[in-house]
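Report on the following structure.
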Amino acid sequence: MKELEYFLADEAATIAIGAGLAQVLKSTAVQQALVVYLNGDLGAGKTTLTRGFVRGMGHQGNVKSPTYTLVEPYELANWRIFHFDLYRLADAEELEYMGIRDYFNDDCCCFIEWPEKGTGLLAKADIIINIAYQDEQRIIKLQAESTHGEQVMTALADIIKL
2 MKELEYFLAD EAATIAIGAG LAQVLKSTAV QQALVVYLNG DLGAGKTTLT RGFVRGMGHQ
62 GNVKSPTYTL VEPYELANWR IFHFDLYRLA DAEELEYMGI RDYFNDDCCC FIEWPEKGTG
122 LLAKADIIIN IAYQDEQRII KLQAESTHGE QVMTALADII KL
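What the sequence shown shows, in this note's numbering, is residues 2 to 163, in sequence order.
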């Protein structure tokens, strides 16, 4: 499967990756729901990347971290976006009670921080993103996990030049 790697010099570069994913999804060639797993230490930039995506999809309001709410929904004209943060999840069974499977529909994009906390209950990822600190900057690695993820990343590679 396809892999991409970028050095992120600052917050703007992280936002650009998210906005690039939005640009790809809004294009006619790849207009399909997406499931993205986000991995990285606290403060690595997972929510920042998601903010770039949500705003790139057309959301005008605030994009906040779902650390305390578990999920933040964004209803747009043609899309529903759900940003999950499972960091505080005590037991994966809690996801069953909130109806987690109902979030993974054809018109939904789901960005999931700390996906390992929901093992066995989450939809399979199309793309897995790992963000890590490296010296004074961060490095981001994107890995396709499905044919759709590979299509998205191929298109993303054409527009992101960091």
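Ideal Cβ positions, reconstructed from N, Cα and C, are used throughout, including at glycine.
Reference H84; option with closest CA among T48, M58, A14: Stepping through the sequence shown from its first residue, residue 84 is reached at position 83. Comparing C-alpha distances from H84 to each of T48, M58, A14 shows the shortest one belongs to T48.
The segment 103-116 contacting the segment 131-146, beta-carbon criterion three pairs below 8 Å: They do not touch, by the three-pair rule.
Beta-bridge pairing of I128 - partner residues as DSSP gives them: To locate residue 128, count along the sequence shown from 1; it is residue 127. Answer is V37, A145, bridged to I128.
Buried or exposed (CB count within 10 angstroms, at least 16 for buried), R139: Here residue 139 is taken as the residue at index 138 of the sequence shown, counted from 1. By the neighbour-count rule (16 or more Cβ atoms within 10 Å), R139 is buried.
Nearest candidate by alpha-carbon position, reference E95, set G59, L22, K118: Here the question's residue 95 lines up with position 94 in the sequence shown. The candidate whose alpha carbon is nearest that of E95 is K118.
Sub-7 Å separation of F54 and A17 beta-carbons: Taking the first residue of the sequence shown as position 1, residue 54 is located at position 53. Taking the first residue of the sequence shown as position 1, residue 17 is located at position 16. Contact: no.
Where F105 falls: helix, strand or coil (DSSP): For the purposes of this step, residue 105 is identified with residue 104 of the sequence shown, where counting begins at 1. The three-state secondary structure of F105, taken from DSSP, is coil.
Span separating the alpha-carbon of L77 from that of L9: Indexing the sequence shown from 1 puts residue 77 at position 76. Indexing the sequence shown from 1 puts residue 9 at position 8. Distance between the alpha carbons of L77 and L9: 28 Å.
Status (buried if at least 16 other CB within 10 Å, exposed otherwise) for A145: If you number the sequence shown from 1, residue 145 lands on position 144. Result: buried.
C-beta atoms of I141 and L122 nearer than 7 Å: For the purposes of this step, residue 141 is taken as residue 140 along the sequence shown, with counting starting at 1. For the purposes of this step, residue 122 is taken as residue 121 along the sequence shown, with counting starting at 1. Cβ distance not < 7 Å, so I141 and L122 don't count as in contact.
Check whether Y38 and A126 have beta carbons under 7 Å apart: Within the sequence shown, residue 38 is the residue found at index 37, counting from 1. Within the sequence shown, residue 126 is the residue found at index 125, counting from 1. Yes. Within cutoff.
Length of the line joining the Cα atoms of A20 and R56: Taking the first residue of the sequence shown as position 1, residue 20 is located at position 19. Taking the first residue of the sequence shown as position 1, residue 56 is located at position 55. In a straight line, the C-alpha of A20 is about 7 Å away from that of R56.
Cβ neighbours of T68 in the same chain (closer than 8 Å, five flanking residues each side left out): Position 67 of the sequence shown, counted from the first residue, corresponds to residue 68. D86, Y88, R89.
Close-in-space but distant-in-sequence residues of the same chain around V64 (CB under 6 Å, 5 per side omitted): The residue you call residue 64 lines up with position 63 of the sequence shown. Closer than 6 Å at the Cβ level, and outside the excluded window around V64, lie R52, V55.
Buried or exposed (CB count within 10 angstroms, at least 16 for buried), Y98: For the purposes of this step, residue 98 is identified with residue 97 of the sequence shown, where counting begins at 1. Classification for Y98: exposed.
CB-CB length for I130 against L143, believed under 8 Å: Position 129 of the sequence shown, counting from 1, holds the residue named residue 130. Position 142 of the sequence shown, counting from 1, holds the residue named residue 143. About 5 Å separates the Cβ atoms of I130 and L143, confirming a contact at the 8 Å cut-off.
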